[in-house]
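Colleague: One structure, pasted below without further comment.
Protein chains: 2
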Amino acid sequence: MALEPGRTVEELRELRELTGDENGAQRVAWTDTWARAREWLQAKVAPTGARHEVDEAGNQWFTLEGDSERALLIGGHMDSVPNGGWLDGCLNVLAGVEVLRRIAEDGRPPLTVRLVDWADEEGARFGRSLFGSSAAAGSMTDQDELRERRDADGVSLPDAIAAHGVDLDGALAARSRLENAAAYLELHIEQGPVLESLDRPLGVVLGTFGVERHLITWRGQAAHAGSTPMDKRRDALAGAAKLALEIRPIAAQVGDGAVCTSGGVVTKPGIVTSVVETAEQLLDQRHLDAAKLAELLRLAQEASERFAREEDVEVEWERIWSIEPIPFDAGLIELADAAITEVSGTSDRLPSGPLHDAAEVARAGVPTVMLFVQSLRGLSHTKLEDTKPEHIELSVQALDRLAAKAIERLA
Amino acid sequence: MALEPGRTVEELRELRELTGDENGAQRVAWTDTWARAREWLQAKVAPTGARHEVDEAGNQWFTLEGDSERALLIGGHMDSVPNGGWLDGCLNVLAGVEVLRRIAEDGRPPLTVRLVDWADEEGARFGRSLFGSSAAAGSMTDQDELRERRDADGVSLPDAIAAHGVDLDGALAARSRLENAAAYLELHIEQGPVLESLDRPLGVVLGTFGVERHLITWRGQAAHAGSTPMDKRRDALAGAAKLALEIRPIAAQVGDGAVCTSGGVVTKPGIVTSVVETAEQLLDQRHLDAAKLAELLRLAQEASERFAREEDVEVEWERIWSIEPIPFDAGLIELADAAITEVSGTSDRLPSGPLHDAAEVARAGVPTVMLFVQSLRGLSHTKLEDTKPEHIELSVQALDRLAAKAIERLA
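So the sequences go chain by chain: A and B.
So that you can map any letter, position 85 of the first sequence is 85 in this note's numbering, and since no number is skipped, the others follow by simple counting.
So that you can map any letter, position 7 of the second sequence is 1007 in this note's numbering, and since no number is skipped, the others follow by simple counting.
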C-alpha cells in the first residue's frame, strides 16, 4: 500500500554519492566507508521502529517483532568491491528496507520480519567471500587460515575485523541468529546476460551452481622452434588448446545450463623460440545438478587423457575448490514465480552462477529463494554495472509481493 | 695425414675443465672466463705458425698464409650461454684447429687459410646474438640500440666490450676481414633431433631457415564463469587455441621441412572465474624457401581471421622479427656431401632451424656451407648437451675432407 519503489532508486543514488567516487563504489568491508554506509542504513531504517543489532560476525540485523518468534529473513550486503557498481549488494538491502517500511506501516506482522546486512560478502580485502553469512550458517571452518590473511597493506584480518568489533574465534556464535528463521529471501542483480537476452526484467533463481574448479598441468618437452621437426614435438600447449575447445561440446552435451570455462593458461618456458614444455590450465565447471556436474568433470578428464595420448604429453589434475549445487526451496520458488508474474506478467527461472549469501543460508537448512533483476550488458564489479530504474522499481515490488506471500504461507 | 680427430675430443674436455663448472660451460662473451678460453685457444694454435689477430669487432683470427691472397675461412665461436654445453661453438673452433694443424704440416697451402673465432655468437649477456659475424658481414645496423643495452648487473654493452678492446662504433671496420674470402666452412652440432632419428652421424646444411615471428593478440570479452551462458561468450582463448592447433596442418600442407611454433600464450585476466578477455600468442614460422615461408604466414593469418569470425573476437598481428631464408652455396653443398660420404658412407641434407654465424657470412656474399654432427636427444644450451665421441671424431674428419676439397676447387 505505502510501498514506494521509486524511493529505493533515490536512496541507491544517495548512497552512491555518499560512499562512491569517480571510479565507482568504495564500500569495501571493514573500512571506514563501509562503516559510514552502515550508519546511514541504520538511520534510514530507524523510523520503522525495527530493533538494530550487530551480531558476533559483524552482520547488521533489523528486527520487526511479530506475533510469532518464527522469522522471515530478507538479506543483502552493503559492502562492495573496490571501484564497484551502484547496485551489487546494496540494492538487496535497500529493497528490503522499503519492504520493511511497508510491513511496519501495516501494523504488527504475524511473523517476525528481519532484514540482515551480511558482513563482507565480497571478500575484496582479504579474499574470503561470504564471511558473515558463512559464520551465521555455521559453515565457516577456515578460521586458522583466516588468522594468517593480510590485506595489501599488511593489516591482518583479525586486526581489521577487531576494529569493527568482531572477534574471529567468536564469529561462529552468529549461528544463533538463524535459529528461528522460517524463510530467507534475497533480491540481487543478475550479473549476467540471460534476463537481458530474454527481454525480461525479473527471474526466479533455482539455486546456486555446484562448482568443480581444477588446475590442469600438461607436461611435454621444450624443444627448439627452429630445429625440431613437427613430428618430433611433444607440445604441452596442444593439450591445453584441445581441452579449451572441447569443454564447449561437453557443456552442450550435458546441457541444462552447464557452463565450463578455461579461464587462463600459463605456458613455460613461454618464449617464441621454444615448443611449450608445461601448460597450466585453469578449468571451472558449474551445474545446478550434482550428477550432471560430476558428468561434466568426468567427460573433461576423459578428453584430457585422450589428448595426452594423442600429443604424447602428460596431464595431471589438481582440484582447487569445489562446492555442491545448492538448490533453493521448491515452495518459495513457486511463490517467487507468482510474485514476479503479478508485477511483470510472466516469470522465468534461471540458475545463479555466482555464489551469494543466500547459498550459505540455504546450506544451513533455511528455506531460501532469490530473485534476479536484469543487469545491463551482464556487467558487475565495475562502475559500469547498471539496471534500468523501472526494473529496479519492479524488483522492489516483486520482493514485496514475495514477502507478503511468504508471511501468509508461513503464518 | 697427420689429422688426429681424437685430439679434438681431448681438447674439448680440457676446455670444459678450464671454463666450466658443475652447471656447465660458462664462456659468456665479454667475461674473464671467455677471455681465458681465447688465450688458451691462442696457445693451442701457436705451434701451427698461424698469425693471430683480433679485429675491430673482437673476432679472433688465425691466418696461415698461402700462395694466393684468396682465403678459405673456417669458423666457430668460443663463447657459450651461461650453464651451456661442452660443444656448442667450441667444437667448430677446435675442429678447425685440427684442420689448420693438418694443413700447416702439409706445407704452404695454395690458398690462404684462416680460422675465425667469432665474438659473441650467443648474445647471452646483452641479448644481441651474432655480434662479431654481423659486424664483419656489414649487416650490423643497430648500434644506436646496442648503445643502450645493459646486462643484468647494469653494465652497458659499450662498457663491457670496451673492456675487451672493442669500440661499438668502430666494429663495422671488421668488414675488411671478409674481402678476400673465397669460401666459408662451419661445423656445428645439430641442436635438433633429425640426424639422431635418421641414425646418421653427419649431415650437410642447406641453409638457415627464414623466420616470421609475430605476436598475435586476440580480444574477446571478460565475463563471469558462472553467470555467462556458453552461447553468450566471446572467448579470446578459443581463438588462440584454434590457431595453436591449426598451425600444424598448415605446416604439413606447405611441407618441405616447414616448422610453426606457438611458443606461449598469455591470458588476461587469467583468473579461474572469468572468460579470457585477451590472449597474446607468440608465433614462430620457419622455412628454407622464401615463397613457402610467405605461404605459411598467409595461411595462418587467413585461419586467424576465420577463427576471429567464428568466435566473435578480434585478432591483430604484430611482426616481432623476421629474416629471409639464407641458402648456402650449391657447389660447396656438393663438396660437403662428398666429404661426409667419404667418412661415413652416406650423406643427408637438412636445413638449419637456428641461425649461425655462417648465415651472416653467407649474407655478405661469401660462398658458405655448414656441416651438422648429431646431437643426442636434440639438446643444446644446457649442460646435458652431448654428442658421441666417435661422431665428434667423424665430424673433424669430414671438416678436414671438405677443407681439402674446397682448397683444391678454389686454388
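Glycine included, every Cβ here is placed at the ideal spot set by N, Cα and C.
With a cut-off of 7 Å, does the C-beta of A/Lys232 fall near any C-beta of chain B?
Modeller: It does: the Cβ of A/Lys232 has a partner Cβ on chain B nearer than 7 Å.
Colleague: Give me the subset of the segment 189–207 of chain A whose CB atoms are less than 9 Å from a CB atom of chain B, sorted by chain position.
Modeller: Residues passing the 9 Å Cβ filter: Glu190, Gln191, Gly192, Pro193, Val194 and Ser197.
Colleague: Enumerate, from N- to C-terminal direction, the unbroken beta strand (DSSP E) stretches of 3 or more residues contained entirely within the segment 231–272 of chain A.
Modeller: Whole beta strand (DSSP E) segments, 3+ residues: 259–268.
Colleague: Is the separation between the beta-carbon of A/Val81 and that of A/Ala136 shorter than 7 Å?
Modeller: No. Outside cutoff.
Colleague: Beta carbons nearer than 8 Å to chain B: which residues of the segment 334–354 of chain A have them?
Modeller: Listed by position along the chain: Ser352, Gly353 and Pro354.
Colleague: Pull up the CB-CB distance for A/Gly58 and A/Ile161, whole angstroms please, since I reckon it's below 8 Å.
Modeller: Contact holds; Cβ gap of about 6 Å.
Colleague: Going by DSSP in three states, A/Thr8 sits in which element: helix, strand or coil?
Modeller: A/Thr8: helix per DSSP, three-state reduction.
Colleague: State buried or exposed for A/Leu41, treating a residue as buried only when at least 16 other CB atoms are found within 10 Å of its CB.
Modeller: Result: buried.
Colleague: Thinking just about the alpha-carbon of each residue, which of B/Leu1332, B/Leu1091 and B/Leu1178 is nearest to the one in B/Arg1409?
Modeller: Ranking B/Leu1332, B/Leu1091 and B/Leu1178 by Cα distance to B/Arg1409 puts B/Leu1332 first.
Colleague: Beta-carbon separation of A/Arg234 and A/Val343 under 7 Å?
Modeller: Not closer than 7 Å, so no.
Colleague: Does any CB atom of chain A fall closer than 7 Å to the CB of B/His1052?
Modeller: No, B/His1052 lies away from the interface with chain A (no Cβ there is under 7 Å from its Cβ).
Colleague: A/Gly331 lies in the beta strand (DSSP E); which residues open and close that run?
Modeller: Careful: A/Gly331 lies outside any beta strand (DSSP E), inside the alpha helix (DSSP H) at Ala330 to Ser344.
Colleague: To the nearest angstrom, how far is the alpha carbon of B/Trp1061 from that of B/Leu1115?
Modeller: So the two alpha carbons sit approximately 6 Å from each other.
Colleague: I need the straight-line Cα distance from B/Val1259 to B/Glu1010, nearest angstrom please.
Modeller: Using only the alpha carbons, I get a separation of about 36 Å.
Colleague: Report the rounded CA-to-CA distance for A/Gly226 versus B/Asp1167, giving the unit in angstroms.
Modeller: Using only the alpha carbons, I get a separation of about 32 Å.
Colleague: Assign A/Trp86 to one of two classes, buried (16 or more other C-beta atoms within 10 Å of its C-beta) or exposed (fewer than that).
Modeller: A/Trp86 comes out buried.
Colleague: Rounded to the nearest angstrom, what separates A/Glu302 and B/Ala1303 at their Cα positions?
Modeller: Between A/Glu302 and B/Ala1303, the C-alpha separation is close to 28 Å.
Colleague: Using the beta-carbon of each residue, which ones in chain A are nearer than 8 Å to B/Ala1252?
Modeller: Neighbours of B/Ala1252 on chain A, chain order: Met230.
Colleague: Listed in chain order, which residues of the segment 1026–1042 of chain B have Cβ atoms closer than 9 Å to some Cβ of chain A?
Modeller: Cβ contacts with chain A: none found.
Colleague: Any residues in the segment 271–288 of chain A with a beta carbon nearer than 7 Å to a beta carbon of chain B? Which ones, in chain order?
Modeller: Here the close residues are Ile271, Val272, Thr273, Ser274, Val275, Val276, Leu282, Asp284 and Arg286.
Colleague: With 16 as the cutoff for other CB atoms within 10 Å, does A/Glu22 come out buried or exposed?
Modeller: Under this definition A/Glu22 is an exposed residue.
Colleague: Run through the DSSP bridge pairs and tell me what B/Val1054 is partnered with.
Modeller: BP columns for B/Val1054 point to B/Gln1060.
Colleague: Check the C-beta distance from A/Gly84 over to A/His381 and give it rounded, since I have them as a contact under 8 Å.
Modeller: Indeed they touch by this definition, with Cβ atoms about 6 Å apart.
Colleague: Going by DSSP in three states, B/Pro1082 sits in which element: helix, strand or coil?
Modeller: In the structure shown, B/Pro1082 sits in coil (DSSP, three-state: anything other than H, G, I, E or B).
Colleague: Assign A/Ser197 to one of two classes, buried (16 or more other C-beta atoms within 10 Å of its C-beta) or exposed (fewer than that).
Modeller: So A/Ser197 counts as exposed.
Colleague: Could you say which of B/Ala1338, B/Ala1279 and B/Gly1255 lies nearest to A/Ala241 if we only look at CA atoms?
Modeller: The residue with the shortest Cα to Cα distance from A/Ala241 is B/Ala1279.
Colleague: Determine which residues share a DSSP beta bridge with A/Ile161 and list them.
Modeller: Answer is none; A/Ile161 lacks a bridge partner.
Colleague: Less than 8 Å between the CB atoms is what I'm expecting for B/Val1205 and B/Pro1351, so what's the real figure, rounded?
Modeller: So it is a contact: roughly 7 Å between Cβ atoms.
Colleague: Quick check on DSSP: helix, strand or coil for A/Gly467?
Modeller: Chain A is shown from 1 up to 411; residue 467 of chain A falls before or after that span and cannot be answered.
Colleague: Would you mind telling me which residues of chain B sit closer than 9 Å to A/Ala238, beta carbon to beta carbon, in chain order?
Modeller: Near A/Ala238 (Cβ distances below 9 Å), the residues of chain B are Ala1244, Leu1245, Arg1248 and Ser1262.
Colleague: From this set, A/Lys388, A/Phe209, A/Pro158 and A/Arg13, which residue's C-alpha is nearest A/Gly170's C-alpha?
Modeller: When each option's Cα is compared against that of A/Gly170, the closest is A/Pro158.
Colleague: Can you list, in chain order, the residues of the segment 209–228 of chain A whose Cβ is nearer than 8 Å to any Cβ on chain B?
Modeller: Those would be Phe209, Val211, Arg213, Ala223, His224, Ala225, Gly226, Ser227 and Thr228, in chain order.
Colleague: Just tell me which of A/Thr33, A/Arg349 and A/Arg248 has its CA closest to the CA of B/Glu1311.
Modeller: The shortest C-alpha separation from B/Glu1311 is found at A/Arg248.
Colleague: Any C-beta of chain B sitting closer than 7 Å to the C-beta of A/Val259?
Modeller: A/Val259 counts as touching chain B.
Colleague: Given a cut-off of 7 Å on the beta-carbon distance, is the pair B/Leu1202 and B/Ile1340 in contact?
Modeller: In contact: B/Leu1202 and B/Ile1340 (Cβ atoms closer than 7 Å).
Colleague: For A/Pro110, does the three-state DSSP call read helix, strand or coil?
Modeller: In this structure, A/Pro110 counts as coil in the three-state DSSP scheme.
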